[in-house]
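**Q** One structure follows; several queries about it will come next.
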Amino acid sequence: MIAYKGLNLLIILEKTRSVKNLAKEIDLSIYSVYKYLKLFLNRGLIRKINKQYVINEELWTDLKQLIIEAKSHLINSDERIPTNAKISRGGIPRPLGRFLSKIF
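Encoded structure:
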């Protein structure tokens with residue numbers, strides 16, 4: 361499964377970014393960013409254009425919508441609530457969970 365930082369990286373790749381900008385935006389080392397980018401490139405999730413990276417919407421047409429849903433979840437979630445707590449709303453949206461379990 362993709363790690364939390366990797367998901368954040370995928371979320372900010374909704375717009376084209378350089379490795380340096382990605383590392384700065386999510387507070388990761390450049391080495392770690394390259395590690396995730398290699399994983400995403402190998403699975404065709406992203407593409408590289410002139411030393412910048414962006415979501416590969418040609419292969420993954422629904423990925424952008426899933427990223428928007430994930431971004432909404434991250435914005436609306438409360439880190440103070442334990443992950444095993446039973447609440448009426450929250451968690452990774454089902455389409456996103458199914459999608460991520462298929463590719464990772």
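When we follow this note's numbering, the leftmost residue of the sequence shown carries the number 361, and every step to the right adds one. Positions of the beta carbon are idealized from the N, C-alpha and C atoms, including for glycine. This one's a predicted model, so the numbers in the text were calculated from it and none came from an experiment.
Taking three-plus beta-carbon pairs below 8 Å as touching, is the segment 391 to 410 in contact with the segment 418 to 426?
**A** Yes: the two stretches touch, three or more of their Cβ pairs being nearer than 8 Å.
**Q** Under DSSP, the beta strand (DSSP E) around I409 begins and ends at which residues?
**A** Note, I409: beta strand (DSSP E), I406 to I409.
**Q** Going by DSSP, what residues sit across from Q412 in a beta bridge?
**A** According to DSSP, which records beta bridges pairwise, Q412 is partnered with S378 and I409.
**Q** Span of the alpha helix (DSSP H) holding I390?
**A** I390 to N402 is the extent of the alpha helix (DSSP H) around I390.
**Q** Hey, Y396 and L369 are a contact pair by Cβ (cut 8 Å); roughly how many whole angstroms apart?
**A** That belief holds up - the Cβ atoms of Y396 and L369 are roughly 5 Å apart, short of 8 Å.
**Q** Measuring alpha carbon to alpha carbon, tell me which residue in S432, I427 and N402 is nearest K375.
**A** It is I427 whose Cα lies nearest to the Cα of K375.
**Q** For Y394 versus V414, is the C-beta spacing smaller than 8 Å?
**A** Going by C-beta atoms, Y394 is not nearer than 8 Å to V414.
**Q** As a quick exercise: from K398, G366 and F400, pick the residue whose alpha carbon is nearest that of D387.
**A** Looking at the Cα atoms, G366 is the closest of the given residues.
**Q** If you check the beta carbons only, do I372 and L382 fall under 8 Å apart?
**A** Yes, Cβ-Cβ distance for I372 and L382 is below 8 Å.
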